[in-house]
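FYI, my numbering numbers position 162 of the sequence shown as 162, with every residue one higher than the one before it. Accompanying notes for the structure given below.
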Amino acid sequence: MGLEEKLPSGFLLTTVEQVAGWARKSSVWPATFGLACCAIEMMATGDPRHDFSRWGMERASATPRQADLMIVAGRVSQKMAPVLRQIYDQMTEPKWVIAMGVCASSGGMFNNYAIVQGVDHIVPVDIYLPGCPPRPEMLLDAILKLHDKIQNTKLGPQRAKQIEQLEEAKRRQLPLLGQGTL
């Protein structure tokens, strides 16, 4: 005979982490970083047919200081890379990144010195979304997978430790072309 059987109906047992996870996943504010073709498909997720406002994302933030999700849609040039990192650094914690499309994920068909071969060289990426361009349904699926990740994210020192490890791993990677390596 457990505690659940002794409580009257209408009581819900949970933990603070589960409630905080539910609240965070239900109020994600994206900062859209649309750079190329994928940005058109990203905009289509806000239309009535796809409507990502069902998941608490109806407000796309115009400023990174009010956003906690960055959707990088399209190819990133070497000149745009510092701007992308600056915007990421201005976002509030906890923050997440979706690399939308093969150009954002791996540089796509542009294998040259002017294009960053994946935004994971600049910022830590949580979800990679393949496709050229990916359909709005795929972006919604990636957002739902991110919601699962957000729901299960730990609070407190464990989260801070995880962020530090990701950032340190990014700093140890090879430098980008155009930053003193030519």
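Where a beta carbon is used, it is the ideal one built from N, C-alpha and C, also for glycine.
If we ignore side chains and look at the alpha-carbon of each, how far apart do residue i and residue j end up?
{"i": "I143", "j": "A62", "result": "19 Å"}
{"i": "E137", "j": "L129", "result": "11 Å"}
{"i": "G31", "j": "A67", "result": "Before going on, a small fix: residue 31 reads as Ala here, not Gly. So the two alpha carbons sit approximately 6 Å from each other."}
{"i": "A104", "j": "Q78", "result": "12 Å"}
{"i": "T181", "j": "I127", "result": "Its pLDDT being 45, under 50, T181 is placed unreliably by the model, and the measurement read from it follows with that caveat. Roughly 29 Å separates the two Cα atoms."}
{"i": "Q162", "j": "P133", "result": "31 Å"}
{"i": "N111", "j": "G101", "result": "15 Å"}
{"i": "R172", "j": "A60", "result": "32 Å"}
Comparing alpha-carbon positions, which option in the options lies nearest residue i?
{"i": "P157", "options": "V83, P94, M70", "result": "P94"}
{"i": "A99", "options": "G74, D141, K149, A44", "result": "G74"}
{"i": "A114", "options": "V28, A36, V76", "result": "V76"}
In the structure shown, what three-state DSSP assignment does residue i receive?
{"i": "W96", "result": "strand"}
{"i": "Y88", "result": "helix"}
{"i": "V119", "result": "helix"}
{"i": "G21", "result": "helix"}
{"i": "M42", "result": "helix"}
{"i": "E72", "result": "The residue you asked about is not Glu; residue 72 is Val in the sequence shown. Note: V72 maps to strand in three-state DSSP."}
Please list, in chain order, all residues of the same chain as residue i whose beta carbon is under 6 Å from its beta carbon, the five residues on each side excluded.
{"i": "L187", "result": "Outside the shown range of the chain (1 to 182) lies residue 187, about which nothing can therefore be said."}
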